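The structure appears below as C-alpha cells.
Numbering (full-length UniProt numbering), first residue to last: 1 to 109.
Written as C-alpha cells, this is what we have:
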C-alpha cells in the first residue's frame, strides 16, 4: 500500500513538473515570436539604410541585425531543448501511468 501511495505522489509531482515545463514552453514561444518580429524589423531598417546609401547607418543596422539574429537563434535553441524535455517527461509520465493498477492515478495521464 505504501509503495502505491509513493508512486501516486511521484506521478502527481511528475504531472506538476510537466505543467511547469509547458508553461515555460508557452512563454518561450511568445519570446520566440517577439524575437522573430525584432529580426524582421531590424532587417527592414537595414534594407532602408542600404537603399538610402548611408554607410554609417548601414554598419550600425547590420550589427543590430546580426545581434537580433543571434538572440533569436538562442531563443529557438532553448525552445527546441525545452520541447524535447517536455516530450521526454510526458513519455515517462505516460509510461509510469500505464504501470499503475487501474484507477490508482486516473486523470493524470
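Using N, Cα and C, we set each Cβ at its ideal position, and we do this for glycine too.
Keep in mind it's a predicted model, so treat the numbers as computed, not measured.
The alpha-carbon of residue 67 is positioned some 24 Å away from that of residue 83. With contacts defined by Cβ atoms closer than 8 Å, residue 79 and residue 32 form a contacting pair. Residue 54 sits in coil when the DSSP states are folded into three classes, being neither helix nor strand. Take residue 22, set aside five residues on each side of it, and the residues of its chain with a beta-carbon closer than 7 Å to its own are 86, in chain order. Note on the segment 4 to 40: there is no whole beta strand (DSSP E) run with a minimum of 3 residues. Here residue 35 has 71, 72 and 75 as same chain residues with Cβ atoms under 7 Å from its own Cβ, once five neighbours each way along the sequence are excluded.
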